[in-house]
Amino acid sequence: MKEWYTLKELLDVGGLPSTPQGIILYAKKDKWRRRRVAGVKGNIFEYYVYDMPESVQTSLGVTKETLALKQELIDEVQKENEKFLNQILSDIKNILVNNGILRIREISSTSKEEEILLSYYRNSSEQDKTTILNMVERISKTSKS
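In the UniProt record's numbering, the protein residues as written are 1 to 145.
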């Protein structure tokens, strides 16, 4: 299915102005996408059929089935792009977390006191961390008895 049409091809289509200038103004007003025609001298553009009104699309042979198929393809591409972007965001998050730039609060229900203890622990030296762990272990054992 052809997706791009030149002014010359659009001149005889019903529902559009009958002059090149009229079509150009109509296309600008409705914000049709356009691109330069490759390999042609001058400012020759072609216009994207799916930006045109339905009546013009019908005149050009675009059917509802074609539109539905086009939408399915767009949906698939959007899903792939979303998956790709989510993977990139996940990778960035992992890099930030692994480099200590970003600390993400755990989803578990931690109290404010637990968060404070955790921050003290993280800011301690390795020797102090060992001491803290030993103290917590002893306190835990005595409170169970």
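Heads up, the beta-carbon is just placed ideally off N, CA and C, and yes, glycines get one too. What you are looking at is a predicted structure, and each value in this text was computed from that prediction instead of being measured.
In the structure shown, T142 falls within a helical segment according to DSSP collapsed to helix, strand and coil. Cβ neighbours of L67 within its own chain (closer than 8 Å, five residues either side excluded): Y50 and Q57. Counting along the chain, T66 sits inside the alpha helix (DSSP H) bounded by residues K64 to N98. Straight through space, the alpha carbons of E82 and L89 are spaced by roughly 10 Å. In the three-state reduction of the DSSP assignment, E3 falls in the coil class, being assigned neither a helical nor a strand state.
Residue range K112 to N123 is occupied by the alpha helix (DSSP H) that includes R122.
Taken atom to atom, the span from the alpha-carbon of D75 to that of K31 is near 22 Å. The Cβ neighbour count for I23, taken over all protein chains shown within 10 Å, is at least 16; the residue is labelled buried.
The continuous beta strand (DSSP E) containing Y47 extends over residues F45 to Y48. Exclusion of the five residues before and after S111 leaves no residue of its chain whose Cβ lies closer than 7 Å to its Cβ.
Per the C-alpha coordinates, the member of Y121, L7 and I132 positioned closest to M52 is L7. Contact check for P17 against Y26 passes: the beta carbons are separated by less than 7 Å. One alpha carbon belongs to S125, the other to S143, and they sit about 27 Å apart.
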